[in-house]
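Scroll down for the structure; my scribbles are underneath it.
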Amino acid sequence: MDVFYNYLETNVGIPTEISANIFSTILLFVIIFLSKAVIDKVIEKNVKTIKLKYNIEKGINYLLYGISFIVLIRIWFNGFQGFSTFLGLFSAGLAIALKDLIVNIAGWIFILWRSPFSIGDRIEIDDHKGDVVDIRIFNFTIMEIGNWVDADQHSGRLLHVPNKFIFDKTLSNYDIGFSFIFQENKVLITFESDWKKAKEILLNILKLHFKEFYENTSDQFKISAKKYFIDNSNFKPDVFTTVLDSGVLLTMRYYCNPRDRRKMDMKIWESILNEFEKHEDIELAYPTYRIYKK
9 MDVFYNYLET NVGIPTEISA NIFSTILLFV IIFLSKAVID KVIEKNVKTI KLKYNIEKGI
69 NYLLYGISFI VLIRIWFNGF QGFSTFLGLF SAGLAIALKD LIVNIAGWIF ILWRSPFSIG
129 DRIEIDDHKG DVVDIRIFNF TIMEIGNWVD ADQHSGRLLH VPNKFIFDKT LSNYDIGFSF
189 IFQENKVLIT FESDWKKAKE ILLNILKLHF KEFYENTSDQ FKISAKKYFI DNSNFKPDVF
249 TTVLDSGVLL TMRYYCNPRD RRKMDMKIWE SILNEFEKHE DIELAYPTYR IYKK
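If you count the sequence shown from 1, you need to add 8 to reach our numbering.
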């Protein structure tokens with residue numbers, strides 16, 4: 009190798025030390041690339057869970073990046089004094105020119121450390137809603153829900169959100185602490201309808217659909233109540249009565265999994281239509297106008 013380095017210095021003008029550093033850098037990248045390929049094959053063969061596989065691969069990537077950075081510093085900056093000089097200049101440059109990037113890195117560290125959300129969580133931040141599908145050093149990615157699509161279904165777009173938003177934007181997490189949301193179905197019936205019977209039918213529909221679900225999730229309510237000030241009595245499905253200009257409004261209120269919102273809405277409405285069809289004294293209302301001639 010010394011002969012090759014001397015040749016480069018004599019004919020190309022590259023100092024021997026620089027040539028050695030370039031060769032060491034190339035060798036480092038080759039070793040990292042081969043190591044990554046071998047590790048990926050081992051993970052692919054032995055880890056079956058998609059989320060666990062993703063997290064392991066991310067962790068390995070960060071570890072390899074860190075090792076590469078440290079080794080590169082040792083290659084190009086020999087000794088502690090050279091490293092200190094480089095680190096001082098590097099930090100000063102980042103502080104002045106890359107303020108947003110630094111804040112994004114700090115946000116990334118905060119996300120990994122405090123875990124306000126993780127891969128697979130459904131969140132809302134800065135008026136953007138979606139499922140977290142990736143977390144990187146400078147941004148995280150969510151699969152958008154809503155927008156022009158109804159009932160929190162995926163729109164098909166990927167939104168890349170800067171990590172710095174975690175510090176100055178309001179974050180809502182659908183899955184941490186209490187992983188259910190309230191859903192309401194508003195049923196408007198005519199004034200001539202038997203609203204008491206209709207309300208009883210709606211209550212029975214809620215009991216039919218949510219009795220087993222409520223029993224299975226009662227333990228989670230108790231766990232959440234220990235950590236947050238949550239009144240467990242407020243989470244039972246119920247029906248509320250209101251009078252509007254065009255009829256009696258019966259509002260069904262119940263909780264469900266955020267990802268099942270549209271499915272539950274469909275089941276509830278199909279049950280309502282099937283039950284109301286059996287009773288001639290209950291009729292759905294709609295805005296109407298009455299004209300009186302004198």
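All C-beta atoms, glycine included, are put in the ideal place defined by N, C-alpha and C.
Please read these numbers as outputs of a predicted model, since none were measured by experiment.
Residue i, DSSP secondary structure in three states
| i | result |
| --- | --- |
| Glu-200 | coil |
| Gly-128 | coil |
| Tyr-294 | coil |
| Phe-41 | helix |
| Phe-88 | Summary for Phe-88: the model assigns pLDDT 49, below 50, so the residue's position carries little reliability, and this model does not support an answer. |
| Val-55 | coil |
| His-287 | coil |
| Lys-205 | helix |
| Lys-244 | coil |
Beta-carbon separation (whole angstroms), residue i vs residue j, contact threshold 8 Å
| i | j | result |
| --- | --- | --- |
| Val-141 | Thr-149 | 5 Å |
| Asn-181 | Ile-131 | 5 Å |
| Leu-258 | Val-251 | About 11 Å; that fails the 8 Å criterion. |
| Leu-210 | Val-195 | 6 Å |
| His-162 | Ile-174 | At roughly 23 Å, the Cβ-Cβ gap does not stay under 8 Å, so His-162 and Ile-174 are not in contact. |
| Ser-43 | Leu-80 | So it is not a contact: roughly 15 Å between Cβ atoms. |
| Ile-145 | Ile-113 | 6 Å |
| Phe-188 | Cys-264 | 6 Å |
| Ile-64 | Ile-83 | 28 Å between Cβ atoms; not a contact. |
First through last residue of the beta strand (DSSP E) which encompasses residue i
| i | result |
| --- | --- |
| Phe-188 | Per DSSP, Phe-188 belongs to no beta strand (DSSP E) and is neither H nor E. |
Extent of the continuous alpha helix (DSSP H) to which residue i belongs
| i | result |
| --- | --- |
| Val-256 | Segment 255-264 is the beta strand (DSSP E) holding Val-256; no alpha helix (DSSP H) there. |
| Ile-145 | Where Ile-145 is concerned, there is no enclosing alpha helix (DSSP H), given that its DSSP letter is neither H nor E. |
| Trp-277 | 269-284 |
| Asn-303 | Lying outside 9 to 302, the shown extent of the chain, residue 303 is not represented and no answer is given. |
| Asp-160 | First-last for Asp-160: undefined, no H or E at that position. |
| Ile-299 | Premise fails: Ile-299 is in no alpha helix (DSSP H) and is neither H nor E. |
| Asn-107 | The identity of residue 107 in the sequence shown is Lys, whereas the question assumes Asn. Looking at the DSSP string, the run of the alpha helix (DSSP H) that includes Lys-107 is 107-122. |
Per DSSP, the bridge partner or partners of residue i
| i | result |
| --- | --- |
| Thr-250 | Leu-257 |
| Asp-135 | Looking at the DSSP assignment, Asp-135 forms no beta bridge with any residue, so it has no partner. |
| Val-195 | Leu-258 |
Within the region 162-188, note down every full alpha helix (DSSP H) run reaching 4 residues or more, in order along the chain.
173-176
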